[in-house]
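Peer 1: My questions all concern the structure below.
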Amino acid sequence: MTSRTSTLARTGFALVVLFSALIALASLRFLFGVEPPEPVFANRFLPGWFPLHVAAATVALTLGPFQFVRRLRVGVPKVHRWTGRAYAVACLLGGTAGFAMALGASTGPISQAGFALLALGWLGCTAQGWRMALQGRHATAHRDWMIRSFALTFAAVMLRIYLPITQAIGLPFEESYRVIAWACWVPNLLVAEIILARTRPRRRALPA
Numbered sequence: 001m002t003s004r005t006s007t008l009a010r011t012g013f014a015l016v017v018l019f020s021a022l023i024a025l026a027s028l029r030f031l032f033g034v035e036p037p038e039p040v041f042a043n044r045f046l047p048g049w050f051p052l053h054v055a056a057a058t059v060a061l062t063l064g065p066f067q068f069v070r071r072l073r074v075g076v077p078k079v080h081r082w083t084g085r086a087y088a089v090a091c092l093l094g095g096t097a098g099f100a101m102a103l104g105a106s107t108g109p110i111s112q113a114g115f116a117l118l119a120l121g122w123l124g125c126t127a128q129g130w131r132m133a134l135q136g137r138h139a140t141a142h143r144d145w146m147i148r149s150f151a152l153t154f155a156a157v158m159l160r161i162y163l164p165i166t167q168a169i170g171l172p173f174e175e176s177y178r179v180i181a182w183a184c185w186v187p188n189l190l191v192a193e194i195i196l197a198r199t200r201p202r203r204r205a206l207p208a
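Positions 1 to 208 (the UniProt record's numbering) are the ones given, in order, by the sequence shown.
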């Protein structure tokens with residue numbers, strides 16, 4: 001890795017940590033009586049699932065970036081294992097709640113399908129990553145699946161970036177929300193696959 005590439009990678013990671021922390025903190029207000037925006041509030045499955053989804057996603061956003069800090073993985077493996085378990089449980093709870101909420105999305109079947117597939121992908125990637133960790137012999141596969149998992153966790157950040165942009169430029173909410181239901185996670189997953197393809201040979205040479 002060249003010096004410039006290394007600097008870009010560190011800068012990118014710092015931005016991921018920053019935006020994850022900001023969105024996690026901002027989301028906490030929904031656990032203390034602040035109602036979500038009207039289109040979200042109109043979701044017929046909101047009352048039973050929204051608090052769980054917010055709480056779990058907040059934990060996942062907070063812990064997720066640190067699962068990829070090699071100094072933590074190698075230097076303090078016990079901390080990595082326990083925070084990784086907490087992250088995985090948060091993703092599984094958040095994904096379950098997210099899937100239930102997706103079925104009640106008020107903007108129609110296109111956004112319902114987008115959010116439902118996001119939830120299923122989040123559940124599947126996290127479960128596969130955890131399974132690889134439990135088997136103990138697939139460190140590279142474990143990291144690959146958890147990178148995909150966090151790419152989907154980061155959909156929470158992209159959703160909150162895209163929404164105000166579309167509103168600021170005057171796009172109709174329902175139409176833009178249908179696009180965002182897919183745009184908040186599909187590009188993330190594509191970026192994750194590009195990163196995996198470019199770094200896989202180097203990562204195979206590193207210890208778990």
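Positions of the beta carbon are idealized from the N, C-alpha and C atoms, including for glycine. Quick caveat: nothing in here was measured; it's all calculated off a predicted structure.
(1) What is the DSSP secondary structure of residue 195, counted as helix, strand or coil?
(2) Entirely within the stretch 54-104 and at least 4 residues each: give me those alpha helix (DSSP H) ranges in chain order.
(3) If we count the other Cβ atoms within 10 Å of its Cβ and call it buried at 16 or more, is residue 6 buried or exposed?
(4) Mapping the DSSP letters down to three states, classify residue 170 as helix, strand or coil.
(5) Beta-carbon within less than 7 Å of residue 186's beta-carbon, same chain only, minus the 5 sequence neighbours each way: which residues are those?
(6) Under 8 Å, with one C-beta from each stretch per pair, do the stretch 103-123 and the stretch 69-77 reach the 3-pair mark?
(7) Decide yes or no for the touch test of the stretch 113-122 against the stretch 84-97: beta carbon pairs closer than 8 Å, at least 3 of them.
(8) Buried or exposed, going by whether 16 or more other CB atoms sit within 10 Å of the CB of residue 61?
(9) What do you get for residue 18, buried or exposed, if any count of 16 or more other CB atoms within 10 angstroms of its CB means buried?
(10) In the DSSP assignment, find the alpha helix (DSSP H) that holds residue 184 and state where it starts and stops.
(11) May I ask you to verify whether the stretch 163-180 touches the stretch 15-30, counting CB pairs closer than 8 Å and requiring at least 3?
(12) Is it right to say residue 143 is buried, meaning 16 or more other beta carbons lie within 10 angstroms of its own, or is it exposed?
(13) Within the same chain, show all residues whose beta-carbon is closer than 6 Å to that of residue 195, passing over the 5 residues directly before and after it, in chain order.
Peer 2: In short:
(1) The residue labelled residue 195 in the question sits at position 195 within the sequence shown. In this structure, residue 195 counts as helix in the three-state DSSP scheme.
(2) 70-75 and 77-102
(3) Your numbering for residue 6 matches position 6 in the sequence shown. By the neighbour-count rule (16 or more Cβ atoms within 10 Å), residue 6 is not buried but exposed.
(4) Counting from 1 along the sequence shown, the entry for residue 170 is found at position 170. Correct three-state label for residue 170: coil.
(5) For the purposes of this step, residue 186 is taken as residue 186 along the sequence shown, with counting starting at 1. Around residue 186: no qualifying Cβ.
(6) no
(7) yes
(8) Numbered from 1 along the sequence shown, position 61 holds the residue referred to as residue 61. The residue is buried, with at least 16 neighbouring Cβ atoms inside 10 Å.
(9) Counting from 1 along the sequence shown, the entry for residue 18 is found at position 18. Classification of residue 18: exposed, given that the 10 Å Cβ count is below 16.
(10) Residue 184 sits at position 184 when you count from the first residue of the sequence shown. Segment: none, residue 184 is in no alpha helix (DSSP H) and carries neither H nor E.
(11) no
(12) Counted from its first residue, the sequence shown places residue 143 at position 143. Counting Cβ neighbours within 10 Å, residue 143 comes out buried, since at least 16 surround it.
(13) Looking up residue 195 in the sequence shown gives position 195. Same-chain partners within the cutoff: there are none.
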